[in-house]
Each structure stands twice: as structure tokens, then as C-alpha cells.
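So for the sequence shown, my numbering puts the first residue at 166; every next one is plus one.
Note that the Cβ used here is the ideal one computed from N, Cα and C, for glycine as well.
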Amino acid sequence: MCIGGYIRARPCGGIHNPCVNDFVPLVGVKTSVSIVDFSAEITLKQRYENVEKNPIEAIYHFQVPKKSAVCSFEAWVEDKVIKGMVKEREEARDTYDDAIAAGHGAYLLEEEKEKPNTFKANIGNLPPGKTVVVLIRYVTELFVNSNSKSINFFLYTTNAIPNGTTVKKFHKPLF
């Protein structure tokens, strides 16, 4: 699970050059975990800021452990809370694209077909100078270690960005 670093951004409606590293800085992180019996519910909040002069589309990749399920996706921009709804893949993409074309804010979360347990979130038309808080909640089965007769919980803390580079810069949490 990415809990630090950056998300890739591109100008909305423009052409993105994948060779250019355009990133939106992470300015805050908050993680909470609730463990009951052999399962855990993890809530991750990340705050990103658009420091550009134009609206951008932020593209964010993250992983969850095997035997996990994402159960909530929200985005908070100013006083608006956007809650994710489950739709068929093509319908969700069409709805997202239509909202972007109309100049509205739009959000899309989908599991990558080629990479199980890897998700991609698109946050479209993030206004200049504004912040977005992305909330992702997932549940996972805990690992039972028969050798030590214990239950283990692992929290992903890798800061991976799409080109495979690991970002090692952390910012002070602002929550």
C-alpha cells in the first residue's frame, strides 16, 4: 500500500508525456487499522495538493495484500465528499470521461487487469491550488503463523510510483 510519496499528474484535456516526471506532492498521511479475530480493516487517508496553475488529472497506483478486498473509495475536495459506486468497467470509464470532458471533477478506481491486487485511481480536474484527500478502505485476512502460534498483520508501506521508481521523500503528516 502506498502511504507516501507522490501521484502522477497530467494536465486535464492535454497530452501527457510519460517521459516527464510530473508529480503532485503528498502533504499528509493518516492510517488506521481495526483488527477483529482473523481479519483487519485498514483505512488510508492521503492528502495531495495541486501546485500547478491549471487543473490536473492525478493518477495514483496502490496495492493491497492477497486475500484483500477494497470496500470504500472516497475523495474530498474542499467541502465536497465524493463516494465511489460500483459500476461495470466500461460504464465507469465512460462516466469518468464524460465528466472530465464537461469540465467537472471526476474520480475513478479500478483494479488493473494485468496486476491482481493493484488498483489505479484517477482524480480528474483537480483545481489549481486545491487539495484532495483520498480515502481507501480495505479488509484483509490475517496471516496465521503456525510455528509461533500467532496471528500476523502486515501494513504495506512501499512508496511505488508507476515507472517503478521508489520515492524515499516523506512529508510531515498534516492530519
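Could you tell me if residue i is buried or exposed, where buried requires 16 or more neighbouring beta carbons within 10 angstroms of its beta carbon?
| i | result |
| --- | --- |
| F335 | Since pLDDT at F335 reaches only 39, below the 50 mark, its modelled position is unreliable, and the value read off the structure follows with that caveat. F335 is exposed by the Cβ-count criterion. |
| E256 | exposed |
| R234 | In the sequence as displayed, the identity of residue 234 is Ala instead of Arg. Classification for A234: exposed. |
| E306 | exposed |
| V194 | buried |
| R212 | buried |
By alpha-carbon positions, which one of the options ends up nearest to residue i?
| i | options | result |
| --- | --- | --- |
| W241 | P292, V304, Y303 | P292 |
| T283 | I301, G289, G294, R258 | I301 |
| C236 | A257, V309, A205, G294 | A205 |
| V192 | G294, L307, N317 | G294 |
| V298 | E243, P220, S199, V216 | E243 |
| E110 | P230, G270, E306 | With the chain represented from 166 up to 340, any question about residue 110 goes unanswered, as that position is not in the structure. |
| K248 | H269, L274, N310, V194 | L274 |
| K278 | F308, S199, Q228 | Q228 |
Can you grab the Cα-Cα spacing for the pair residue i / residue j, in whole Å?
| i | j | result |
| --- | --- | --- |
| K314 | V201 | 17 Å |
| T331 | K245 | Because the pLDDT of T331 is 42, which lies under 50, any placement of that residue in the model is unreliable, and the number read from its coordinates should be weighed accordingly. Roughly 32 Å between the two C-alpha positions. |
| P327 | A286 | Residue confidence is low: P327 scores 41 on pLDDT, short of 50, so the model does not pin down where it sits. Its coordinate-derived value is still stated next. Approximately 12 Å between the Cα atoms of the pair. |
| T296 | I288 | 11 Å |
| K280 | A266 | 28 Å |
| Y261 | E217 | 22 Å |
| G178 | E239 | Note that G178 scores a pLDDT of 40, beneath 50, so its modelled location is shaky; the value from the coordinates is reported in the next line. Distance between the alpha carbons of G178 and E239 is about 23 Å. |
| I207 | D263 | 32 Å |
| I168 | H269 | Confidence in I168 is poor, its pLDDT being 33 and thus under 50, which makes the residue's placement too unreliable to answer from. |
| I221 | Y272 | 12 Å |
| T226 | N312 | A small correction: the amino acid at residue 226 is His; Thr does not occupy that position in the sequence shown. The alpha-carbon atoms of H226 and N312 are separated by roughly 34 Å. |
| E214 | F203 | 36 Å |
| V309 | L320 | 15 Å |
In terms of DSSP beta bridges, what is residue i paired with?
| i | result |
| --- | --- |
| L300 | K210, E239 |
| F308 | N317 |
| I200 | A205 |
| E276 | F284 |
| V289 | Sequence inspection shows Gly at residue 289; the Val mentioned does not correspond to that position. Looking at the DSSP assignment, G289 forms a beta bridge with A271. |
| K195 | K210 |
| V246 | W241 |
| A234 | V304 |
Would you mind reading off the limits of the beta strand (DSSP E) that contains residue i?
| i | result |
| --- | --- |
| A223 | 221-228 |
How far does the alpha helix (DSSP H) with residue i in it reach, from first residue to last?
| i | result |
| --- | --- |
| E217 | From DSSP, E217 is part of no alpha helix (DSSP H); its letter is neither H nor E. |
| E256 | 254-266 |
Contact criterion: CB-CB distance below 8 Å. Does residue i meet it with respect to chain B?
| i | result |
| --- | --- |
| K195 | Absent from the structure is chain B; it holds one protein chain and no more. |
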